[in-house]
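These protein sequences, in sequence, are chains A and B. For what it's worth, the numbering used here labels the leading residue of the first sequence as 52, then goes sequentially. For what it's worth, the numbering used here labels the leading residue of the second sequence as 606, then goes sequentially. Quick reminder that beta carbons are idealized off the backbone N, C-alpha and C, glycines included. Since we're looking at a predicted model, the values are computed, not measured.
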Amino acid sequence: MKKVIKKMFWAWDFEKEEKWLNEMSAKGLALVGYSLCRYVFEECEPGEYTNKIQLLEHRPNHPESEQYIRFMEETGAEEVATYMNWVYFRKKTADGPFEIFSDIESKMNHLILVKKLLLPIAILNLWIFLMNLLNFAFNYPRGIWIPFINLACAALVFFGVHGIQKKINALKKEHAIRE
Amino acid sequence: MENIALTEAVFYILLSLEKPLHGYGIMQNAEKLSGGRVKLAAGTLYGAINTLLEKGWISSVPGESGDRKKEYVITESGKAAVLAEISRLRELVENGEKLTGGWTK
C-alpha cells in the first residue's frame, strides 16, 4: 500500500532529508517517488534500504546523467526518484554502508555544485529587491513593503549558501593534510 | 611523468585493471586487495574512471555482446604511473621506517 507524506526540506538541507528518509526506512517505509514536497512510500522490511540524495550537473535525462545513473545501478544502487537535477538513490542496507563519495575532493565538488545552484537564486532575489525598491519608492510608495519579500527570500537562500560554504571550508582544511 | 602522488582510489583502480574489469569489479577488487579497508564509493569511482580515461591511463574495452557493463583496462602510460608511484611509496616507507625505528607503537 502506498503512503504519501507531505514534507518540505530546503535544498541545502539535503543531508537532513537523507537522514529522514533513512528513519522512514527504519520504520518500514521505503521511498518510491518524489515530486515537490510530496514523498511516496511503500512498505518494506524495517531498515531494508539506505537512501542517498545527489545533485547532478545535468538533468537526469541528459546522456551524461543517464550514463552515471546506469553506473550507479551496476554497483547495486537504485534510482527511486528524480526531481529537477536531484536524484534519490537507495541501496539494500544488507549490502553494506551506502556512500556516493569516498574521498574528500568529490564530497567537496558535490557541495560546490549545490552552492552553484543556490547562489544565483539568492543574487537574483537581491537584484529584484533593489530594482523593485526604487520602482515602488518612486511610483507606488504605499506598496513599499512588497520588495522586502524578495529581500527575505535572498536572506534565506544566502543563509543556506553560508551553511554549505562552512561545510566546504571544513573539507578544504581537511583536504590540505589528507585525501 | 608528473611527479605527484596518486590518490588511493586511483592507485587501486589502476592495480585492478591488468585484466578488463567493470566498475563494480574494481570496487570489489580494491576492497579485497586492501583487506576490507578501501571501500570505493561509486560516485568517487565514476569520477576517477573518467579522469583516467581522459589521461589515457586506462581505456574502455568493447563489452561482450549482451553485457551492457563497460569494462576498462590499464594502458602502458597507466602502468608507468603505477610503477612511478610504487617507487615514491617505497621512498616514503623507507624513510618512515628509518626515522621512526625508536618510536613505540
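Could you name the residues of chain B that residue i contacts, counting a contact when the two beta carbons are closer than 9 angstroms?
i              : result
A128 (chain A) : A647
Q105 (chain A) : G648
Is the distance from the Cβ of residue i to the Cβ of residue j below 7 angstroms?
i              : j              : result
I104 (chain A) : Y139 (chain A) : yes
F122 (chain A) : Y651 (chain B) : yes
G211 (chain A) : W71 (chain A)  : no
R89 (chain A)  : K57 (chain A)  : yes
L106 (chain A) : V165 (chain A) : yes
A653 (chain B) : A614 (chain B) : yes
L645 (chain B) : A635 (chain B) : yes
I663 (chain B) : L611 (chain B) : no
I219 (chain A) : W63 (chain A)  : no
N102 (chain A) : E74 (chain A)  : no
F187 (chain A) : I179 (chain A) : no
L222 (chain A) : M182 (chain A) : no
G706 (chain B) : T680 (chain B) : no
L177 (chain A) : A205 (chain A) : yes
Closer than 7 angstroms by beta-carbon distance: list the chain A residues that pair up with residue i, in chain order.
i              : result
E613 (chain B) : E230
G652 (chain B) : S157
K674 (chain B) : E125
Check the Cβ of residue i against every Cβ in chain B and list those closer than 7 angstroms, keeping chain order.
i              : result
E150 (chain A) : A646
Y119 (chain A) : Y651
F122 (chain A) : G628, A647, Y651
Considering only the alpha carbon of each residue, which of the options lies closest to residue i?
i              : options                        : result
L184 (chain A) : A:I172, A:N201, A:E230         : A:N201
H627 (chain B) : B:I679, B:R693, B:K674, B:K660 : B:K674
I116 (chain A) : A:T126, A:W137, A:P97          : The sequence as given places Ser at residue 116 (chain A); Ile does not occur at that position. Nearest of A:T126, A:W137, A:P97 to S116 (chain A), Cα basis: A:W137.
A132 (chain A) : A:L177, A:Y85, A:F152          : A:Y85
M268 (chain A) : A:L87, A:M159, A:M75, A:G214   : Because chain A here runs from 52 to 230, residue 268 (chain A) falls outside it and cannot be looked at.
F152 (chain A) : B:V643, B:V698, B:T680, B:S692 : B:V643
A647 (chain B) : B:T680, B:M632, B:K660, B:G640 : B:M632
E659 (chain B) : B:P667, B:G640, B:S682         : B:S682
G641 (chain B) : A:E94, A:G147, A:V83           : A:G147
F616 (chain B) : B:L694, B:P625, B:V666, B:K624 : B:L694
L169 (chain A) : A:N190, A:Y191, A:F209, A:R193 : A:F209
C95 (chain A)  : A:H226, A:G79, A:R110          : A:G79
E108 (chain A) : A:C204, A:L162, A:P198         : A:L162
L175 (chain A) : A:L207, A:R193, A:K224         : A:L207
F213 (chain A) : A:F199, A:Y100, A:K167, A:S76  : Contrary to the premise, residue 213 (chain A) reads as His rather than Phe in this sequence. The shortest Cα separation from H213 (chain A) among A:F199, A:Y100, A:K167, A:S76 belongs to A:K167.
I609 (chain B) : B:L704, B:A685, B:E702, B:N700 : B:A685
Listing by chain order, which chain A residues have their CB less than 8 angstroms from the CB of residue i?
i              : result
Y629 (chain B) : E125, T126, G127
Assuming residue i contacts residue j under a Cβ cut-off of 8 angstroms, what Cβ separation, rounded to an integer in Å, is found between them?
i              : j              : result
G157 (chain A) : T656 (chain B) : The identity of residue 157 (chain A) in the sequence shown is Ser, whereas the question assumes Gly. Actually they are not in contact, since the Cβ atoms of S157 (chain A) and T656 (chain B) sit about 11 angstroms apart, beyond 8 angstroms.
A81 (chain A)  : F92 (chain A)  : 6 angstroms
E230 (chain A) : I155 (chain A) : 6 angstroms
E129 (chain A) : R141 (chain A) : 5 angstroms
G98 (chain A)  : T126 (chain A) : Going by Cβ atoms, the distance from G98 (chain A) to T126 (chain A) rounds to 20 angstroms, so no, they are not a contact pair.
V687 (chain B) : P625 (chain B) : In fact, because the Cβ distance is near 17 angstroms, the residues do not count as touching under 8 angstroms.
I120 (chain A) : P114 (chain A) : Wrong, their Cβ atoms sit about 11 angstroms apart, outside the cutoff.
Run through chain A and tell me which residues come within less than 9 angstroms of residue i, C-beta to C-beta.
i              : result
K745 (chain B) : For residue 745 (chain B) there is no data in the structure shown, the boundaries of chain B being 606 and 710.
Can you pull the chain C residues whose beta carbon is under 7 angstroms from the beta carbon of residue i, in chain order?
i              : result
D154 (chain A) : This model lacks chain C altogether, as its protein chains are A and B.
Please find out if some non-hydrogen atom of the ligand PLP comes closer than 6 angstroms to the beta-carbon of residue i.
i             : result
E66 (chain A) : No copy of the ligand PLP occurs in the structure displayed, which carries no ligand at all.
Entirely enclosed beta strand (DSSP E) segments - the stretch 641–689 of chain B, minimum 3 residues: 663–666, 676–679
Beta strand (DSSP E) segments (min. 3 residues) lying fully within the stretch 108–170 of chain A: Counting only runs of 3 or more residues that sit fully inside the stretch 108–170 of chain A, the beta strand (DSSP E) segments are 128–134, 137–143, in chain order.
Uninterrupted beta strand (DSSP E) stretches inside the stretch 57–101 of chain A (no shorter than 3 residues): 80–86, 89–94
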